[in-house]
Each structure stands twice: as C-alpha cells, then as structure tokens.
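Numbering (our numbering), first residue to last: 7 to 169.
Ideal Cβ placement from N, Cα and C applies to all residues, glycine included.
Computed from a prediction, not measured in an experiment: that's the story for all the values here.
Take a look at the structure below.
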C-alpha cells in the first residue's frame, strides 16, 4: 500500500499521469472515493499521459468512454449501476480482453466482476479543518502484477508519498 497526499487538482492529475506511465495493456484500475474526491481529475491526468488530447469527462450517463491511445483506454463510471444485471450488461469481459487499460470510477460497485488482479486507488477528501483542495490517495495492489510494480510506483510518486 502506498499513501499519498495531493495538495491540488494539479497534483491529482500528475498522480494520474504517473499511474499511466506504470500501467500497461490489460490492467484494471479501480477508482473509489466520495463525490468530488478527484476520481475524474485523476482520470484526466491518466489520459493525458497516454496522449489523449480530446476532453475527458466522467462517463456518468454513458457508463463507458473509449479512447484511442496506445494502449487503448476504457474509462467507466459505474456510479449509477444498481444491480448485477446492469453490471452484466456492461460486458466487462470484452473490455478487459482487448489489451486496453480499464479505468473504473466507483470501482467498488463492480468488484465481483473484475479480474483478481487490479490496482485500487482510493481518494479521500481532506477533513473539514484542512485545505479543501487536499486529498489523501491510497494505492493498494490486489494480485501479483500490481504488487510487483509497487516499488516502482512508490519511487515515481515520491513527491506525494507520506509515511
């Protein structure tokens, strides 16, 4: 587990960029956190690092946005899903098998439908007594592939790592 402190939206975007630099084809990244915690901001930084130049918005109503990058990026927002049937309708297996990176906002909603190897990125708002731009970001590797990359991630994220 790696604990980070983001002091601004620019920091959160930069953290997303570092994650993109370490991610590769077939990876799944679950973003969790309250409304306004910075999930979409982090996704924008991730996309920018992959060379995506078109505006990235949260696919809240479309559920899935696919971006032509190398590797391709599948950006999902599953906040509105309410049952297993809707999760099945997403056809996650097809997305996960095409060699792209799958970035899922509100990832805790689809835990039972993702592969056993993924990176969980939890974004937490600052306590009310702190600067409202501050976020705590916790990275947790689930499974072998991400566990093997945690040291590299920790080094690359050095400016934001907290003890």
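- Counted as a single uninterrupted DSSP element, the alpha helix (DSSP H) harbouring residue 98 occupies residues 98-102.
- Its chain contains 28 as the residues whose beta carbon lies nearer than 7 Å to that of residue 155, once the 5 sequence neighbours on both sides are disregarded; these appear in chain order.
- For residue 147, the secondary structure class from DSSP, reduced to helix, strand or coil, is strand.
- Two segments are said to touch when three or more pairs of C-beta atoms, one from each, lie closer than 8 Å; by this definition the stretch 129-147 does not touch the stretch 104-115.
- DSSP, reduced to helix, strand and coil, places residue 116 within a helical segment of the structure shown.
- Runs of the beta strand (DSSP E) spanning 3 or more residues and lying entirely within the stretch 34-89 occur at 34-39, 70-73 and 79-83, in chain order.
- Distance between residue 77 and residue 105, taken at the CA atoms: about 7 Å.
- The beta-carbon distance between residue 44 and residue 18, rounded to whole angstroms, is 5 Å. This is short enough to meet the 8 Å contact definition.
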